[in-house]
Amino acid sequence: MSGFTKEIIIRTLFELLNEKPLAKITVKDIVERCGVNRNTFYYHFRDISDVVESALLREVDNAFEHPVEVDSMLECLEVLVNLIGENKKAMLHIYCSVQRETFTSVLDKMCQYVIKQYIVHNFEEEIMEKEDMKVLMHFYKCVMIGVILDWMDHRMSYDLTEYAEKLRELYENTFEKTLEKVAGTKPAYLKIV
């Protein structure tokens, strides 16, 4: 029952975040909406910031539970946009609040996960030195985070999926070509060309 109550509080917070900014949400708003008392709220969470952090970490856990199969680095970006887009307004309210650092930390974990899944799904493990792979993954993670944060800074005012498609046209197979160059391999080493 304890996990169920936590989940209700988290879901209620997201409902409220889809209606108004985080700074305008109180513990009273949450407990009245979900029908628990203040003591129950404080049994599970220290404060609203704690609920936000738990909610975002839950999103990471949910993402990790379902392995993704993507065929390009730009599809990785699309996966992340879809994860954020499920609660678009709530995520924007979190990002524009004092919880920005928590949001970016969770985004970092999600980016790392999606890129790793892409590598595992598409390339042979021995294609390059582990250290080189780490550097390359770090670079692409930073690029994705930068693109997503720019989108958030612009209050999601442009279609990021459309933007990702344009990037795909401009940078088609760049990641794969980089892997080939760094590994000094032939395309046959790739699972998918």
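Count the sequence shown with the numbering used here and you get residues 64 to 256, in order. Think of the CB as a built atom: it goes at the ideal place given N, C-alpha and C, for glycine as much as any other residue. Computed from a prediction, not measured in an experiment: that's the story for all the values here.
For the alpha helix (DSSP H) that residue i lies in, which residues bound it at each end?
i: I182; result: R163 to N185
i: L223; result: L223 to L233
i: S117; result: I111 to E128
i: N150; result: Segment: none, N150 is in no alpha helix (DSSP H) and carries neither H nor E.
i: L212; result: K193 to D216
i: K91; result: V90 to C97
i: F104; result: R101 to H107
Compute the Euclidean distance between the alpha carbons of residue i and residue j, then round it to the nearest angstrom.
i: L233; j: V114; result: 40 Å
i: F104; j: V94; result: 7 Å
i: F186; j: L76; result: 40 Å
i: H129; j: V210; result: 24 Å
i: E70; j: K240; result: 44 Å
i: R96; j: T68; result: 13 Å
i: D216; j: T165; result: 16 Å
i: V256; j: Y158; result: Bear in mind that the predicted position of V256 carries a pLDDT of just 35, short of 50, making it too unreliable to give a figure here.
i: V99; j: E192; result: 53 Å
i: L253; j: S160; result: At L253, the pLDDT of 45 sits below 50, so the modelled position is not reliable and the matter cannot be decided from this model.
i: R163; j: D213; result: 13 Å
i: Y226; j: K204; result: 17 Å
i: Y221; j: T167; result: 20 Å
i: D195; j: V206; result: 17 Å
Leaving out five residues on either side along the sequence, give the residues of the same chain with a beta carbon under 7 Å from the beta carbon of residue i.
i: I208; result: L170, D171 and C174
i: F127; result: Y176
i: H156; result: L80, P84 and L85
i: T224; result: E141 and V144
i: T90; result: Reading off the sequence, residue 90 comes out as Val, not Thr. So the qualifying residues of the chain are R101, F104 and I111.
i: I73; result: V114, S117, A118 and R121
i: L230; result: L137
i: D124; result: none
i: D92; result: L79
What does a CB cutoff of less than 6 Å around residue i pick up in its chain, not counting 5 residues either side in sequence?
i: C139; result: V133, V177, I178 and Y181
i: H184; result: E132
i: I88; result: L79
i: A153; result: F77, L80 and N81
i: S135; result: none
i: E228; result: none
i: A251; result: In this prediction, A251 has a pLDDT of 41, which is less than 50 and means its spatial position is unreliable; nothing more can be read from the coordinates.
For residue i, which of the options has the nearest alpha-carbon?
i: H107; options: G66, R218 and S160; result: G66
i: G148; options: R163, R231, T167 and M219; result: M219
Taking 8 Å as the limit between beta carbons, can you name the residues of its chain near residue i, skipping five residues before and five after?
i: L146; result: E122, A126 and M173
i: K151; result: M219
i: M200; result: Q175, I178, K179 and I182
i: T237; result: M136
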